[in-house]
Amino acid sequence: MGYTEEIKCRSTLGSVYVLFCVIFLFGYIYLSLHYLTNFLRLADELIANAAYIGTPGKGILAADESTGTMGKRLSSINVENVESNRRAFRELLFTTPGALEYLSGVILFEETLYQKTSDGKPFVELLKENGVLPGIKVDKGVVVLPGTNGETTTQGLDDLGKRCQQYYAAGCRFAKWRAVLNIGITEPSQLAINENANGLARYAIICQENGLVPIVEPEILVDGNHSIDKCADVTERVLAAVYKALNDHHVLLEGTLLKPNMVTPGSEAPKVAPEVVAEYTVRALQRTMPAAVPAVVFLSGGQSEEEATLNLNAMNKLKTKKPWTLTFSFGRALQASTLKAWQGKEENVEKAKAVFLQRCKANSEATLGTYKGSGSLSEGASESLHVKDYKY
Amino acid sequence: MASASFLKSSYVLKSEWTKGQSLRQLPSSSSVSLVRSRPTTFTVRATTSYADELIKTAKTVASPGRGILAMDESNATCGKRLASIGLENTEANRQAYRTLLVSVPGLGQYISGAILFEETLYQSTVEGKKMVDVLVEQNIVPGIKVDKGLVPLAGSNNESWCQGLDGLASRTAAYYQQGARFAKWRTVVSIPNGPSALAVKEAAWGLARYAAICQESGLAPIVEPEILLDGEHGIERTFEVALKVWSEVFYYLAENNVLFEGILLKPSMVTPGAECKDRATPEQVADYTLKLLQRRIPPAVPGIMASFLSGGQSEVEATLNLNAMNQSPNPWHVSFSYARALQNTCLKTWGGRPENVKAAQEALLIRAKANSLAQLGKYTGEGESEEAKKGMFVKGYVY
Chain A
1079 MGYTEEIKCR STLGSVYVLF CVIFLFGYIY LSLHYLTNFL RLADELIANA AYIGTPGKGI
1139 LAADESTGTM GKRLSSINVE NVESNRRAFR ELLFTTPGAL EYLSGVILFE ETLYQKTSDG
1199 KPFVELLKEN GVLPGIKVDK GVVVLPGTNG ETTTQGLDDL GKRCQQYYAA GCRFAKWRAV
1259 LNIGITEPSQ LAINENANGL ARYAIICQEN GLVPIVEPEI LVDGNHSIDK CADVTERVLA
1319 AVYKALNDHH VLLEGTLLKP NMVTPGSEAP KVAPEVVAEY TVRALQRTMP AAVPAVVFLS
1379 GGQSEEEATL NLNAMNKLKT KKPWTLTFSF GRALQASTLK AWQGKEENVE KAKAVFLQRC
1439 KANSEATLGT YKGSGSLSEG ASESLHVKDY KY
Chain B
-5 MASASFLKSS YVLKSEWTKG QSLRQLPSSS SVSLVRSRPT TFTVRATTSY ADELIKTAKT
55 VASPGRGILA MDESNATCGK RLASIGLENT EANRQAYRTL LVSVPGLGQY ISGAILFEET
115 LYQSTVEGKK MVDVLVEQNI VPGIKVDKGL VPLAGSNNES WCQGLDGLAS RTAAYYQQGA
175 RFAKWRTVVS IPNGPSALAV KEAAWGLARY AAICQESGLA PIVEPEILLD GEHGIERTFE
235 VALKVWSEVF YYLAENNVLF EGILLKPSMV TPGAECKDRA TPEQVADYTL KLLQRRIPPA
295 VPGIMASFLS GGQSEVEATL NLNAMNQSPN PWHVSFSYAR ALQNTCLKTW GGRPENVKAA
355 QEALLIRAKA NSLAQLGKYT GEGESEEAKK GMFVKGYVY
C-alpha cells in the first residue's frame, strides 16, 4: 500500500494497542484494589470468628460424625442408621435448653448442614440464633502412604475452594480437617509428618481464601505403650513441622485454631494425673505455638468424658505462660453418655438432654479452671471411650 | 538411603550393564513392596545436662527492668570507637575503657548481662581484678561473642554468612570454665540483595547449630539473625522478610533439639530501610515488631533482647521504641541489648581522660536507667541530654 496509507494504518493500530494497554492497566489496578480490600475484610472476619470460638467459657461440639461413623454410634444403642435417626439425635443435642450457651461452635457433617428441626427450622439457623458458629468437616478421610508402615495422609484438596464457597453460602464460618499420625518404633516418619503438615497448610489457606476459619487438626493417636515423654517429643516435632508449613503457605495465624491431642501416656501405658497431662501439654504448646493463634480446641481422642474435662480443667488452672485460650472440641467426650441415656427412645429425650447439658456445663467450667468434678456421674461418663486403632 | 534400597528390591531389566549377569528373578507381587526404607529407631529428644542451668541463666538475663550491655566490639571495631575520641587502639586503652564500663557503681540494677569479646573475657581490670569477677559481683551475668565474623557466601547474590562452628564445642566449654554463661552469634540477612533463599537458609541453619552446641556446653545462646537496615525498602517488605527468616530459624532450632526455655532472642526491629523515604513512628515500629513476634516466637522463649536502633535514630529514640513495645503485657520479656545506644554518650564524656571517668560512668548509668524504665513501659523522656538525642546510623556499617 502507499506510504501515507501505511502510516495511517500503523498509527491506528498503535493507538488501539495503547488503548488496550490503558484499559488493561486500569482493570488490573481496580481488581488488585478490589482483591486487597476484599482480603482485608476477609482477614478481619477470620480473626473475629477465630477469637470468638476461643471465648473463655465456651467451646466446640464436634458433631461431624460421617454417616458410617454415626452408624457405629447408633448401633451401640440398637438404633437403625437412617437419616431420620441421625437427624433426631442431632436435634436432641441442638435443642437442649441452655446447652448452646456453652458452645461457640458446632462442627457439622455435610448432611446435617442441610437438615432441619422437626418444626422445620434449619439447624444452621437455630445455631446462629443462639450465638453458635456452624462449622463443617471438609476432609475426605485418610489413605495409606505407600512405603510406610501403614501411615496415612488426608485427602480432600481437590475442588476444596469451590466446596468452601458453598459451605460459606450455607452459613458455615469455620472448617475442620483431620490429619492422623501415630507413635511406633519408626513412627511417625518424617515423610508422614511432612506430608500431613503440608496437607493441613494447603487446606488452611484455601479455607481462609473463602472466608472459613480453618481448624488445624494434627492428631497423634493415643494407641501404644509409649511414655508421656515420648508423646511430648513427638507432639513437639509434629507441631513444629505444622507451623513451619502454615508459615510457608502464608496462612494468617490469627485466623486459625489448633486442634491437637493432649500430651498423655499411650493407651497401654500407666495413667498419670491430670496435673501432669496439663504440664506436658501446655509446655508442648509453649514450645511450638506462636501467640498469634487465638485458641487451642483440644480433641478428646478416646479419653472418657470425665477424664477429658479434668485434664482441660487442670490446664486452665496451671500458672504459666498461656497467651492462647485453652478450650474443647469434643465429640465422644460430650455425646457418649447422652447417647446412652437416649437409647433412641422419645421418652428418654428429656433425660438425655439433661445429661448433655451437664457435660457442656462441666467443660465450660473446665475452660475457666473452675470445674469441681462431677458429684454423681451419669452412666458412662467415666467410661473410657478408647477404641484401639480407631478409624473415623 | 531409600533410593538405594528401591533399586535393590525392584526387578532388573536386561540391558547393557547387566550383560553376563543372570537376570534377577521377578519377585511375586505379594512379597514385593515398591519402596523399602530402612527403619530407624525414633529416639526421644536428648536433653543437655545443663538444662536447669540454661533455663535459670536465660530467666536471669530476662529479668524485669533489666537488659544487656553489649560490649563485645572486636578489636578492630573497638579501635574505631577509641579513634572517635582520639585514642590509640592499644590493649591498654581497650582495657581502660572496659574497666570503666564494668565498674559503673550500681550498674547491676539495670543491666542483667554483659556480652564480652574474647580478649575481655580473659582480661583483668586496671586494678588487677578479673573482668568476669567484677561483673558477677555486680550481679551481671557475663556473656561471650562466639562467632568468627561474616564472610562472603559463595553462590549467593553478594550476601554473607557467619563463620564460627569449627571447634565451637571446645571453645564454648573453655568459655564456660572462664565464667561465661551465655553466648552471642550474629548473622545477617540483606534485603537489597534479595535475600536469596540460600542466604536465609544458611543464616538460620548456622544459628541452629551454634545454639545446640552452646547449650551442650552450658551457655545460653542468644539467637541473632539481623536483618540489615540498609536499603530503600518499606516497612512491609521488612516485615515479610522477617516473617520468613524467623520461621526458618525456629524450624531449624527445633530440628536441632534446642531447648527453647534456655535461649534468648535478639531480633532487629521491623522498620523501613534506612534510605526509604517513608519514615515510621515508634508506635508503628512497635506494632509491626510485636506482630512479628506474636506470629513467630513460641511463648517458651523467656526473653527478647532486641536492639531497637532504627534508621539512624538516637539513644533517646531507641529507648522510646523499647517503651512502645512494653505498653501491654507480652508472653516473653521484651528488653534491650544495646551497644552504642548505651555507650555513645559515655564514651564521648570520657574522652580518654581519667578525670572524666566518674562523669562517664554516670552517663552510662543514666542511659541504663532510662532503658530499664522503658522495659517496664514507664519511660517519659524527661531530662535527656542533647548528646543522647543525636542520630547514630552509619551507612554500610561493618561490625
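Going down the list, the sequences are from chains A and B.
Take the first sequence: its position 200, counting from 1, is numbered 1278 in this note's numbering, and each next residue is one higher.
Take the second sequence: its position 110, counting from 1, is numbered 104 in this note's numbering, and each next residue is one higher.
For glycine and all other residues, C-beta sits at the position ideal for the given N, C-alpha and C.
Who are the Cβ neighbours of A/E1332 in its own chain at under 6 Å, not counting the five residues just before and after it?
-> I1125, A1370
Around the Cβ of A/G1112, are there at least 16 other Cβ atoms within 10 angstroms (buried) or fewer (exposed)?
-> For clarity, residue 1112 of chain A is His in the given sequence; the question names Gly instead. A/H1112 comes out exposed.
For B/L81, collect the residues of the same chain with a Cβ closer than 7 Å to its Cβ; drop the 5 residues on either side in sequence, then sort them by chain order.
-> N87, G346
Per DSSP, the bridge partner or partners of B/E269 | Note: B/E269 sits in no beta bridge, so no partner.
The beta strand (DSSP E) enclosing B/C156, as first and last residue numbers = 154 to 156
To the nearest whole angstrom, what separates the beta carbons of A/A1319 and A/I1271, a pair I think is in contact under 8 Å?
-> 5 Å
With C-beta atoms as the reference, is B/E47 less than 8 Å away from B/G212?
-> yes
Under a three-way DSSP split, which group does B/R60 fall into?
-> coil
Quick one: list the residues of chain B neighbouring A/A1370, beta-carbon separation under 7 Å, in chain order.
-> Q288, R289
Limits of the unbroken beta strand (DSSP E) element including A/T1230 = 1230 to 1232
Let me know the alpha helix (DSSP H) ranges lying completely inside the region 315 to 359 of chain B, each 4 residues or longer, listed in chain order.
-> 334 to 344
So is B/S22 buried or exposed if we call it buried at 16+ other beta carbons inside 10 Å?
-> Low per-residue confidence applies at B/S22: pLDDT is 48, beneath 50, and the placement is therefore not dependable, though the value from the model is reported in the following sentence. Exposed.
Would you say B/L316 reaches chain A, if we count a Cβ-Cβ gap shorter than 8 Å as a contact?
-> no
With DSSP run on the structure shown, which of helix, strand or coil describes A/S1452?
-> coil
Can you tell me the Cα-Cα spacing of A/K1418 and A/A1430, whole angstroms?
-> 8 Å
Does the pairing of the region 251 to 266 of chain B with the region 1320 to 1328 of chain A give three or more beta-carbon distances under 8 Å?
-> no
Relative to the alpha-carbon of A/G1447, which residue among A/Y1108, A/K1136, A/P1368 has its alpha-carbon at the smallest distance?
-> A/K1136
With distances taken from CA atoms, which of B/A77, B/N83, B/T313 is nearest B/T275?
-> B/T313
When B/S97, B/Q103, B/V140 are compared against B/S68, the one with the closest alpha-carbon = B/V140
Quick one: what's B/P146 bridged to in DSSP?
-> B/S154
Can at least three beta-carbon pairs, one atom from the region 1251 to 1270 of chain A and one from the region 1208 to 1217 of chain A, be found at a separation below 8 Å?
-> yes
To which residues does DSSP link B/E121 through a beta bridge?
-> Its beta-bridge partners do not exist; DSSP assigns none.
Does A/P1401 come within less than 8 Å of chain B when only Cβ atoms are used?
-> yes
Which residues mark the beginning and the end of the beta strand (DSSP E) in which A/R1256 is found?
-> 1252 to 1259
Closest to A/E1189 by CA distance: which of A/L1363, A/R1165, A/G1209, A/L1205 is it?
-> A/R1165
Does the beta carbon of B/A357 come closer than 8 Å to any beta carbon on chain A?
-> no
Look at the alpha carbon of B/L147 and the alpha carbon of B/P325, and state the distance between them as a whole number of angstroms.
-> 36 Å
Indicate the three-state DSSP secondary structure (helix, strand or coil) for A/I1085 in the structure shown.
-> helix
Quick one: list the residues of chain A neighbouring B/P292, beta-carbon separation under 7 Å, in chain order.
-> Q1364, R1365, T1366, M1367, P1368
With a CB to CB cut of under 6 Å and the five nearest residues on each side skipped, what residues in its chain are close to B/Q15?
-> Here B/Q15 scores only 45 on pLDDT, less than 50, and its place in the model is too uncertain to base an answer on.
Cα-Cα separation between A/L1463 and A/V1258, rounded to whole angstroms | 18 Å
Give the single residue among B/I216, B/P261, B/D281, B/A197 whose Cα lies nearest to the Cα of B/Y246.
-> B/A197
Own chain, CB closer than 8 Å to B/I79, minus 5 neighbours either side, in chain order | L341, K342, W344, G345, G346
Give the range of the beta strand (DSSP E) segment to which B/R180 is assigned.
-> 176 to 183
Report all residues from its chain with a CB closer than 8 Å to the CB of A/S1460; omit the five preceding and five following residues, and keep chain order.
-> S1382, E1383, E1384, E1385
With distances taken Cα to Cα, identify the nearest neighbour of B/Y282 among B/K124, B/M299, B/S301, B/E234.
-> B/E234
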